[in-house]
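Listed in order, the protein sequences are those of chains A and B.
Residue numbers 2 to 319, in our numbering, belong to the letters of the first sequence in order.
Residue numbers 2 to 319, in our numbering, belong to the letters of the second sequence in order.
Number of protein chains: 2
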Amino acid sequence: MEFINPVQEHLQDVEDRMRSRFNGSASGLISILDQLICLGGKRLRPTVTLLMGKMLGADLDHLLDLAAAIEMLHTATLIHDDLVDDATLRRGEKTINATLPPVASVLAGDLVFAIAANLAAATKSVRVMEIFAETLATMVNGEITNLFDNKPGNDREMYFQWIYAKTASMFELATGAAAILSKADVEAISTARQFGREIGMAFQIVDDVLDFTGSPADIGKPVGNDLRQGVFTLPTLHYLETHPEDPDLRSVINRNGHDEESLNRLIAAINASDAVNQSMHEAERFVQSGLETLAVFPDILERQALEELTRFILSRTK
Amino acid sequence: MEFINPVQEHLQDVEDRMRSRFNGSASGLISILDQLICLGGKRLRPTVTLLMGKMLGADLDHLLDLAAAIEMLHTATLIHDDLVDDATLRRGEKTINATLPPVASVLAGDLVFAIAANLAAATKSVRVMEIFAETLATMVNGEITNLFDNKPGNDREMYFQWIYAKTASMFELATGAAAILSKADVEAISTARQFGREIGMAFQIVDDVLDFTGSPADIGKPVGNDLRQGVFTLPTLHYLETHPEDPDLRSVINRNGHDEESLNRLIAAINASDAVNQSMHEAERFVQSGLETLAVFPDILERQALEELTRFILSRTK
């Protein structure tokens, strides 16, 4: 992950800004949140934010606040999503949902949202705050649609809308807001947003593929976790198109109880089918578009790092 | 409630702005939220916002967005609070928490937060968005402290901190942000905030008194609801100071099971004691301060309405 190098020195700053906002809050819940943030993850979103902002010459102080705001927004949505999906493991660690009563997840997520909004306001940019709020609405609307209106067996178009709302919209926010802080012109801001959207789509597709192909130790969740939760991601949708009559698939669609055996057979069948490759091809297309989109920017260190990060999305195993 | 007159014509505008933000969201949950907003309530927060802004000459378009943002923020916190407190009735109607699974309350609250943030951003004021985010953090921190650190039998100082976080901070936001949009000077903004804080404190104390003295039909909740939930508000704290050895009170503090009989006796005893009067005196002190704070502003129609609203806080029965 050499693409981190140009912004490595700033990532600790970003973490410090995230954690400094908990000051003054005295509760066991806060120390749990502190650990959660310390634990981190890949810090891909702040890295993209910092690289884009530095490439375009953003004010560093505001850029650090933005990167922290975006990672906090991401963290807040994870906390509420884990509650909504009743997820017990994330990054190989127990979730707040697994260890504390539901109210703790509600309030912890709300607090992290509030801190994200504080950090976004610290950028002093009305436009950044506007797209920040719009992105939050997009994400929550996506989650509501998915949970209340979606039915298993939906088509790929709905899948793409859903992963845009869930993941790509936040990458789009990260790159677009970084460009706004750089005083880039309207066209450059639009290009930056497009790049974020493309890598976000690729990132989520690979995530959904890894849910089938990854090792549980690497991804910190059981194999086929999405399907076990009744969620049909791209590999399943491809498999559905080519194997519409697979009895195990029908059984899962019709939710004939919790038939563990047919679920396990189905996960193995999807893994062995061409559905995984087809899905990876779609991720590759988004990666290719992302690289082409980037090409309009000057060929400096940060752009090269963004290119490397874009290619990394396809090669990652966790 | 004649104090509404100077802004009556704008309240429908505010409601329209709140509801317009649901456009594009298609889900059963949205229609429930739409009803919730339609149902309304007293609209005290938008009324205060509009009166303060009009008194100080704020831009009307931005002021309407602010008033809508504040009512949405209030609504969002109610939705999550009802989930956290497992409340089933509010304003005499069933809550979302009572009718839908917990995830619906989580996501509905998140969506309303997002819309509130969108509306706050529509004011185009960085300073408004900053105090908006700070207020959200204050409110959630207050709720976390209350839920995770608080013990029954705490003192009045903690109670005042708690009602500031829960209620007065949002009135302070309403009046302060309205003043900011009016391009008032620093001193006037600070005075406006102080007024909001004072009426917010009075409002919550009266709310806590009405929880004991109000008719269930008027307030839409059973009598002594707070105490039934293990929450010690001002009347209980005053009663505790004068009757520290009341066996019913000890029983509730020690949470000897759910002893309905001693709970009902205690509620009746608090009602019959001087604790209610003592609490109302404290509310009156905040109202008096609020009126004195207002006196520095020009004696025009809107100030008179704010004075009337301030006095109304003491006389309301629901």
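Note that CB positions come from ideal geometry on N, CA and C, so glycine has one too.
Closer than 8 angstroms to chain B by CB, residue i
| i | result |
| --- | --- |
| Val127(A) | yes |
| Gly177(A) | no |
| Val85(A) | yes |
Span of the alpha helix (DSSP H), counted from its first residue to its last, around residue i
| i | result |
| --- | --- |
| Gln289(A) | Ala276 to Leu295 |
| Gly54(B) | Leu45 to Leu57 |
| His81(B) | Leu61 to Val85 |
| Val104(A) | Pro103 to Ala122 |
| Gln195(B) | Val187 to Thr214 |
| Asn255(B) | From DSSP, Asn255(B) is part of no alpha helix (DSSP H); its letter is neither H nor E. |
| Gln162(A) | Arg157 to Ile164 |
| Glu262(B) | Glu261 to Ala273 |
| Val129(B) | Val127 to Phe149 |
| Gln230(A) | Where Gln230(A) is concerned, there is no enclosing alpha helix (DSSP H), given that its DSSP letter is neither H nor E. |
| Met171(B) | Ser170 to Leu182 |
| His11(B) | Gln9 to Ser21 |
| Ile38(A) | Gly29 to Leu40 |
| Thr100(B) | Ile97 to Thr100 |
| Ile314(A) | Leu302 to Ser316 |
Within chain A, the residues that residue i reaches when beta carbons sit closer than 9 angstroms
| i | result |
| --- | --- |
| Gly225(B) | Within chain A, no residue comes near Gly225(B); the closest Cβ sits about 22 angstroms away, beyond 9 angstroms. |
Listed by chain order, chain A residues near residue i by CB distance under 7 angstroms
| i | result |
| --- | --- |
| Val141(B) | Leu108, Asp111, Leu112 and Ala115 |
| Met130(B) | Ala122 and Met130 |
| Leu137(B) | Ala115 and Ala118 |
| Ala134(B) | Ala115, Ala118, Asn119 and Ala122 |
Neighbouring residues, chain B, relative to residue i (Cβ below 9 angstroms)
| i | result |
| --- | --- |
| Ala273(A) | Within chain B, no residue comes near Ala273(A); the closest Cβ sits about 34 angstroms away, beyond 9 angstroms. |
Cutoff 8 angstroms: residue i Cβ touching any chain A Cβ
| i | result |
| --- | --- |
| Ile145(B) | yes |
| Phe196(B) | no |
| Phe324(B) | Residue coverage of chain B in this structure runs from 2 to 319, which leaves residue 324(B) outside it and unanswerable. |
Chain-ordered chain B contacts of residue i [CB-CB under 8 angstroms]
| i | result |
| --- | --- |
| Leu30(A) | Ile145 and Phe149 |
Contact with chain C by residue i, beta-carbon distance below 8 angstroms
| i | result |
| --- | --- |
| Phe313(B) | The chain inventory of the structure shown lacks chain C, comprising the protein chains A and B. |
- request: Could you please tell me which residues of the region 98-119 of chain A, in chain order, have their CB closer than 7 angstroms to any CB of chain B?
  value: Pro103, Val104, Val107, Leu108, Asp111, Leu112, Phe114, Ala115, Ile116, Ala118 and Asn119
- prompt: Are at least three pairs of beta-carbons, each pair with one atom in the region 108-124 of chain A and one in the region 61-81 of chain A, less than 8 angstroms apart?
  reply: yes
task: Report the residues of the region 166-192 of chain A with a CB closer than 8 angstroms to any CB of chain B, ordered along the chain.
output: none
message: Assess contact between the region 178-190 of chain B and the region 127-136 of chain B, defined as three or more Cβ pairs (one per stretch) separated by less than 8 angstroms. Is contact present?
response: yes
Cβ contact check for the region 9-19 of chain A and the region 135-148 of chain A: 3 or more pairs under 8 angstroms: no
- request: Check whether the region 46-58 of chain A touches the region 94-105 of chain A, taking contact to mean three or more Cβ pairs, one atom from each stretch, closer than 8 angstroms.
  value: no
Near-chain B residues of the region 57-87 of chain A - C-beta to any C-beta below 8 angstroms: His81, Leu84 and Val85
task: Taking 8 angstroms as the threshold, find out whether the region 285-305 of chain A comes into contact with the region 181-201 of chain A through three or more Cβ pairs.
output: yes
Contact between the region 304-318 of chain A and the region 203-216 of chain A (3+ Cβ pairs under 8 angstroms): yes
message: Between the region 272-285 of chain A and the region 27-43 of chain A, can you find at least three pairs of beta-carbon atoms closer than 8 angstroms?
response: no
message: With three or more C-beta pairs closer than 8 angstroms as the rule, is the region 266-278 of chain A touching the region 248-256 of chain A?
response: yes
message: Three or more C-beta pairs under 8 angstroms: does that hold for the region 84-91 of chain B against the region 203-210 of chain B?
response: no
query: Can at least three beta-carbon pairs, one atom from the region 4-16 of chain A and one from the region 304-314 of chain A, be found at a separation below 8 angstroms?
result: yes
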